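Read the structure below first, then the notes.
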Amino acid sequence: MLHMIYNIGSSWYWGTESKDWASMVMQMYKSHAQQRGYGVTLVDEMPGEIAGIEQAAIEVDGE
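So that you can map any letter, position 28 of the sequence shown is 28 in the UniProt record's numbering, and since no number is skipped, the others follow by simple counting.
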């Protein structure tokens, strides 16, 4: 049984680029888990002002 929570965040210091990168990292984690047949639930997400995300949490469940 697999049960994990990933918390992804960006640094305010690096601005829009870090928020955009955090969004891409979250998508990579979600895609990787889904390709392996795991369930993925978005627990929390705070979007950036211009692009990307300030922070997000995803939950991954599976056998």
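Idealized CB from N, CA, C, for every residue including glycine. Model, not experiment: these values are computed from the prediction.
- Item | Neighbourhood of M1 by C-beta, 7 Å cutoff - its chain only, sequence neighbours within 5 removed | The count along the sequence shown starts at 1 and reaches residue 1 at position 1. For M1, where only same-chain residues beyond five positions count, the Cβ hits under 7 Å are E63.
Practice prompt. May I ask which residues mark the beginning and end of the alpha helix (DSSP H) holding M26?
Written response: For this step, residue 26 is matched to residue 26 along the sequence shown. Its alpha helix (DSSP H) spans residues T16 to Q35.
M46 to G37, Cα distance in whole Å? The residue given as residue 46 occupies position 46 in the sequence shown. The residue given as residue 37 occupies position 37 in the sequence shown. Going by the C-alpha atoms only, they are around 26 Å apart.
Y29 and Y6 closer than 8 Å at C-beta: As a first step, residue 29 must be located in the sequence shown, where it is residue number 29. As a first step, residue 6 must be located in the sequence shown, where it is residue number 6. Yes, the pair counts as a contact, with Cβ atoms nearer than the cut-off.
Classify Y6 as helix, strand or coil using the three-state DSSP reduction. Numbered from 1 along the sequence shown, position 6 holds the residue referred to as residue 6. It is a strand residue.
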